[in-house]
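Below: one structure, written as structure tokens.
Numbering (this note's numbering), first residue to last: -4 to 250.
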């Protein structure tokens, strides 16, 4: 969708508006992650609308790069906002788990997930061993610590402009650590066997973590979009495919 936004910002803006409205119309009967996604979608939507109304090279989206397209400017501005959003999401997720219910392995969802992972991928003798039981008992503290650490790393990354090398060593290191640990967390969630598998949540979050990539890499998606259009033999065909694919994935994992 981000790649398509570079070549067809108007179509993507319409799709994003529909997604945001679709989420809000069911308020409050949605999962928390759906509202996370609605906020990140709204950030890109607002950036696209500002670009369309203000015009190239003016206002808050003005760029020092004269050849930067409107879609690139909007994606750059949205990425800066989404980095802060994602950092706050993970930080708040860890903070609100600091309560007696979650930290008690008898009631915590984290202990259930850990027990399912061990039972699903280890031999019975290992899954029921003393170290495995200890791991289940302390899994709530591990999850809280992990989410708070991810949040802290991503906050530093957002402050240092994501993975931009020019932002300094701390920003680049924080980006690598924060995104890597977040992906490990989501991999564990996605690998959890039924009945409590919520792999869709991991997909929704992982697809937004790419906005921590260096801005020059995000801008390079313009080439990918243009190449997609040439491959199908018409200027907008590749972009239409990208938009349709993104909408299909979003609809599939959002239910």
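Note that beta-carbon positions come from the ideal geometry of N, C-alpha and C, so glycine has one too. If you're wondering where the values come from, they're calculated on a predicted model, not measured in any experiment.
Below 8 Å, how does it come out for the segment 163 to 178 and the segment 138 to 154: are there three or more Cβ pairs, yes or no?
Segments in contact, yes.
Go to residue 105, then tell me how far its alpha helix (DSSP H) extends in each direction, as first and last residue.
Along the chain shown, read from residue 1 onward, the residue named residue 105 stands at position 110. Segment 104 to 116, the alpha helix (DSSP H) holding residue 105.
Suppose the cutoff is 6 Å on Cβ atoms and the five residues either side in sequence are ignored; what does the same chain contact list for residue 5 look like?
As a first step, residue 5 must be located in the chain shown, where it is residue number 10. Nothing meets the Cβ criterion.
Tell me where the alpha helix (DSSP H) around residue 124 begins and ends.
To locate residue 124, count along the chain shown from 1; it is residue 129. Run containing residue 124: none; DSSP gives neither H nor E here.
Any idea if residue 91 is buried or exposed, counting beta-carbon neighbours within 10 angstroms, 16 or more meaning buried?
Translated into positions along the chain shown, residue 91 becomes position 96. Exposed.
Let me check understanding here. Comparing Cα to Cα, which of 191, 180, 189, 188 lies closest to residue 204?
Taking the first residue of the chain shown as 1, we reach residue 204 at position 209. When only C-alpha atoms are compared, the closest one is 180.
What separation, rounded to the nearest whole angstrom, lies between the Cα atoms of residue 101 and residue 94?
The residue you call residue 101 lines up with position 106 of the chain shown. The residue you call residue 94 lines up with position 99 of the chain shown. Approximately 13 Å between the Cα atoms of the pair.
Less than 6 Å between C-beta atoms, sequence neighbours within five positions excluded: which residues of the same chain meet that for residue 103?
Counting from one through the chain shown, the residue named residue 103 turns up at place 108. Hits under 6 Å: 97, 135.
Does the Cβ of residue 191 lie closer than 7 Å to at least one heavy atom of the ligand MG?
Ligands are entirely absent from the displayed structure, and the ligand MG is therefore not among its contents.
Count the other C-beta atoms from every protein chain shown that fall within 10 angstroms of the C-beta of residue 99, then say buried if there are 16 or more, exposed otherwise.
In the chain shown, counting from the first residue as 1, residue 99 sits at position 104. Classification of residue 99: exposed, given that the 10 Å Cβ count is below 16.
Please work out which residues of its chain come closer than 8 Å, Cβ to Cβ, to residue 196, disregarding the five sequence neighbours upstream and downstream, and give them in chain order.
Position 201 of the chain shown, counted from the start, is the residue given in the question as residue 196. 26, 28, 181, 184.
For the structure I just gave you, are there three or more beta carbon pairs, one from the segment 9 to 16 and one from the segment 31 to 43, closer than 8 Å?
Yes: at least three Cβ pairs fall under 8 Å.
Quick one: give me the first and last residue of the alpha helix (DSSP H) that residue 31 is part of.
Residue 31 sits at position 36 when you count from the first residue of the chain shown. 27 to 49 is the extent of the alpha helix (DSSP H) around residue 31.
Going by beta carbon distance, what residues of the same chain come within less than 6 Å of residue 153, once the five residues before and after it are set aside?
For the purposes of this step, residue 153 is identified with residue 158 of the chain shown, where counting begins at 1. Closer than 6 Å at Cβ, skipping near neighbours: 78, 79, 82.
Quick check: the Cα distance between residue 76 and residue 200, rounded to an integer number of angstroms?
Working through the chain shown from its first residue, we reach residue 76 at position 81. Working through the chain shown from its first residue, we reach residue 200 at position 205. So the alpha carbons of these two residues sit roughly 15 Å apart.
Note down, in chain order, each residue of its chain lying with its Cβ closer than 7 Å to the Cβ of residue 35, except the 5 sequence neighbours on either side.
Position 40 of the chain shown, counting from 1, holds the residue named residue 35. Contacts found: 77, 80, 203.
Output needed for residue 111: all residues of its chain with C-beta closer than 8 Å, excluding positions within five of it in sequence on either side, in chain order.
Within the chain shown, numbered from 1, the residue matching residue 111 stands at position 116. So the qualifying residues of the chain are 187, 188, 191.
Quick one: what does DSSP say residue 99 is sitting in, helix, strand or coil?
Within the chain shown, residue 99 is the residue found at index 104, counting from 1. Residue state, collapsed to three classes: coil.
Quick one: grab the DSSP three-state call for residue 90.
Against the chain shown, residue 90 aligns to sequence position 95. Helix.
Suppose contacts are defined by Cβ-Cβ distances below 8 Å. Is residue 194 in contact with residue 139 by that definition?
Working through the chain shown from its first residue, we reach residue 194 at position 199. Working through the chain shown from its first residue, we reach residue 139 at position 144. Going by C-beta atoms, residue 194 is not nearer than 8 Å to residue 139.
Given that a residue counts as buried once 16 or more other Cβ atoms are within 10 Å of its Cβ, and exposed if not, what is residue 115?
In the chain shown, counting from the first residue as 1, residue 115 sits at position 120. Exposed, because fewer than 16 other Cβ atoms sit within 10 Å of the Cβ of residue 115.
Which of the three DSSP states is assigned to residue 190 in this structure?
On the chain shown, position 195 is the one that residue 190 refers to. Residue state, collapsed to three classes: coil.
Could you tell me whether the Cβ atoms of residue 149 and residue 165 are closer together than 8 Å?
Residue numbering aside, residue 149 sits at position 154 when the chain shown is read from its first letter. Residue numbering aside, residue 165 sits at position 170 when the chain shown is read from its first letter. No.
Apart from the five residues just before and just after residue 8, which ones in its own chain have a Cβ nearer than 7 Å to its Cβ?
Here residue 8 refers to the residue found at position 13 of the chain shown. Taken in chain order, the residues that qualify are 40, 43, 44.
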